[in-house]
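Q:
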Amino acid sequence: MNEVKWTDDLSVGVGLIDDQHKELIQHLNNLTKAVEEQHGPNEVPDTLSFLIDYTDLHFSMEERNMEAHGYPAFEAHKAKHDEFKAILADMESEFRDDGPTAILAESIDTLLINWLLKHIRVLDVEFGAFLKSNGLALSE
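1 is the number of the first residue of the sequence shown in UniProt numbering; add one for each residue after it.
1) Sorted by chain position, which residues of the same chain lie with C-beta nearer than 8 angstroms to PHE74's C-beta, five sequence neighbours on each side aside?
2) Does DSSP put LYS80 in a helix, a strand or coil?
3) Would you kindly check if the distance between the Cβ of ILE108 and the Cβ of LEU28 is under 8 angstroms?
4) How long is the line joining the alpha carbons of GLN26 and ASN114, rounded to whole angstroms?
5) Reducing DSSP to helix, strand and coil, say where SER139 ends up.
6) Using the C-alpha atoms, what's the distance from VAL14 back to PHE130?
7) Looking at the secondary structure, which residues open and close the alpha helix (DSSP H) in which LYS33 lies?
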């Protein structure tokens with residue numbers, strides 16, 4: 001898998017969200033590398049665990065702000081977040097059962113990274129536009 005690099009089309013235009021997205025992408029890259037190269041016994045589960053925790057933190061921040069600002073697409077957006085968290089949980093279970101397999105590495109590439117990039121480019125960009133067009137700010 002090629003490393004995912006931050007590009008302008010991933011920018012939501014909201015500093016906190018963009019910073020957190022950069023962090024998520026970096027940890028997805030780290031996870032893919034750790035699985036593909038079959039790093040030490042703790043690196044993959046530690047990276048996966050961090051990614052799950054950080055995803056929860058990021059999604060919670062977005063959802064709190066969507067709800068607080070009356071974002072009209074809140075429910076649909078939250079459903080997509082729940083979908084991503086379920087994919088992560090499935091991958092964590094797969095790793096516990098089978099270890100760092102080539103299938104897991106491919107799943108990270110096709111499911112997680114593609115899902116996240118599409119989500120950012122479409123749904124999160126729409127949320128950023130909503131915030132900016134209404135002069136709204138995020139709270140952490």
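We put the CB at the ideal spot given by N, CA and C, even for glycine.
Treat the numbers as computed from the prediction; the structure is a model and nothing was measured.
A: On the basis of the supplied data:
1) Non-local C-beta neighbours of PHE74 in its own chain, meaning closer than 8 angstroms and more than five positions away in sequence, comprise GLU63, MET66 and GLU67, ordered along the chain.
2) Annotated three-state conformation of LYS80 is helix, per DSSP.
3) In this structure, ILE108 lies closer than 8 angstroms to LEU28 by Cβ.
4) Rounded to whole angstroms, GLN26 to ASN114 spans 14 angstroms at the Cα level.
5) DSSP places SER139 in coil when its eight states are reduced to three.
6) Rounded to the nearest whole angstrom, the C-alpha separation of PHE130 and VAL14 is 11 angstroms.
7) Start and end: 15-36.
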